[in-house]
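Below is one structure, written out as C-alpha cells, with a few remarks after it.
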Amino acid sequence: MRHLCVFFLTIFLCCLSIKAQSLNCTRIREHCRPCTRRLVDPVNNLEFINSDCREKLRGRWIWRDVRRCDMQIVACENHETRLDCENVARITGMRRIR
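Here you go:
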C-alpha cells in the first residue's frame, strides 16, 4: 500500500513538472508589452534584425520595426515555425506589396 501511494505521488509530481514547462505565451505578452512601452532603452530595438530584414524583403513587404518583446511573443507562439524574415513579416501582420 505504501509503495502504491509513493508511486502515485511520484506520477502526480511528474505531471505537474511537465505542465509547468509548457509554453505560456499569454503570460509573456501580458508581462512584456507594458514593460517595454515604459522603456525607451535602445537595447529593446532589434536594429540588426530590422535593417537586415528590411533589405531582404524590399519590394515584397513593407517592413515595420519589431522590438525584442514582439520577437519573444512571435517565437513563443510560433515555436514550430522557422522564423526567417518572410515568416516574421507574415506573422506580425506587415503589409505585403503586390
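Residue numbers (mature numbering (1 follows the signal peptide of the UniProt record, and there is no 0)): -20 to -1, 1 to 78.
Glycine included, each C-beta is placed from N, C-alpha and C at the ideal position.
On a predicted model such as this, the values are computed, not experimentally measured, just so you know.
Beta-carbon proximity list for residue i, same chain, < 8 Å, skipping 5 on both sides
| i | result |
| --- | --- |
| C54 | Contrary to the premise, residue 54 reads as Val rather than Cys in this sequence. Taken in chain order, the residues that qualify are V46, L63, V68, I71, T72. |
| N25 | D45, R47, R48 |
| Q52 | I8, C12 |
Cutoff 6 Å; reference residue i; Cβ partners in own chain excluding five residues on either side
| i | result |
| --- | --- |
| C65 | C33, K36, L37 |
| M(-20) | none |
Buried versus exposed call for residue i [16 or more other C-beta atoms within 10 Å across all chains shown]
| i | result |
| --- | --- |
| C(-16) | exposed |
Residue closest to residue i, alpha-carbon to alpha-carbon, out of the options
| i | options | result |
| --- | --- | --- |
| E57 | F(-14), L(-12), L(-8), I8 | I8 |
| V12 | F(-13), E60, D50, W43 | Checking the displayed sequence, the identity of residue 12 turns out to be Cys instead of Val. Among F(-13), E60, D50, W43, the Cα nearest to that of C12 is on D50. |
| M74 | C5, M(-20), W41, T61 | W41 |
| R48 | I29, R78, E60, L(-8) | I29 |
Residue range of the unbroken alpha helix (DSSP H) whose run includes residue i
| i | result |
| --- | --- |
| R48 | 48 to 57 |
| D32 | 27 to 36 |
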